[in-house]
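Report on the structure given below.
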Amino acid sequence: MNMSVDRDELNDALRGCGSSWSAEQAHGLLCSRISVLGSRAAVDWLRQVLDGADSTDAPAGECAALLELLFAETHKQLTERQSEFVPLLPDDAAAAEERAAALASWSEGFLHGLVSDVRSETLKAQLADEPLCDIIRDLLEMTRATAGDDADDTDEAYIELVEYLRVAVQLTYEVLAQYRAAPDDRSQAEQDEPLLH
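Under my numbering, the first residue of the sequence shown is numbered 516, with each subsequent residue one higher.
Structure below.
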């Protein structure tokens, strides 16, 4: 399933509202935050991606609307275990350098989201155990992704890496299901904070 949020449009909106996040990095962050927190991730993720943006500014409002749509679609894909989930990345026609940079940025965002405010010993233990420790190690390698010299090899590698990310996100979401369902140590005020509407 393709996202209705266009990557280039979101990148333009993020730059226009003063966010330092790219569309890929924000989507990687979103996927890991949903894996860790489920629907509770919405407010913190939006706040983090829009940090520094003027909330009264029209571009920030447009950007927030795109981000809310991206959250809703990604959350639905993961919670309904839709096998059509795809990371928000450039398509195969994009230049190899752009695709490599986007993979690195997406992976960086995902890793950041996994370890953002890790306060729970249970979560720390799960991240240190298989299969999540393997996924983390692989994504650390992807943060160093560069385009190769052979275009055919680069294209094939990109397709394989996108498929790996797709499966890794779904696996991470499944592995952390019990963690999401368990009560956590956040304050009641944080837990009662409204979600995006």
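For glycine and all other residues, C-beta sits at the position ideal for the given N, C-alpha and C.
Report all residues from its chain with a CB closer than 8 Å to the CB of residue i; omit the five preceding and five following residues, and keep chain order.
i: A697; result: T637
i: I674; result: D607
i: R659; result: A619
i: L561; result: A579, L582, E583, F586, L711
i: A528; result: P574, E577, C578, L581
So, is residue i buried or exposed, given that buried needs 16 or more other C-beta atoms within 10 angstroms?
i: V630; result: exposed
i: L604; result: buried
i: C578; result: buried
i: P602; result: buried
i: Q693; result: exposed
i: V682; result: exposed
i: R634; result: exposed
i: E595; result: exposed
i: C648; result: exposed
i: A575; result: buried
i: A573; result: exposed
i: A643; result: exposed
What residue does the alpha helix (DSSP H) around residue i start on, and which one ends it?
i: L745; result: Residue 745 is absent from the model: the chain starts at 516 and stops at 712.
i: L545; result: 538-552
i: S622; result: 611-630
i: D523; result: 522-531
i: P574; result: 573-594
i: E636; result: 636-643
In three-state terms, what does DSSP make of residue i?
i: W560; result: helix
i: Q693; result: helix
i: D569; result: coil
i: V677; result: helix
i: A672; result: helix
i: A687; result: The sequence given here has Thr at residue 687, not Ala. In this structure, T687 counts as helix in the three-state DSSP scheme.
i: V682; result: helix
Between which residues of its own chain and residue i is the CB-CB distance below 6 Å, once the five residues before and five after are set aside?
i: S550; result: T687, Y688, L691
i: L626; result: L654
i: G628; result: L544, S547, R548
i: R723; result: Residue 723 falls outside the range modelled here, since the chain spans only 516 to 712, and no answer is possible.
i: H542; result: L603
i: D569; result: A575
Among residues of its own chain, excluding the 5 on either side of residue i, which ones have a beta-carbon nearer than 7 Å to its beta-carbon?
i: G553; result: R695
i: N526; result: S537, A538
i: S519; result: L584, E588
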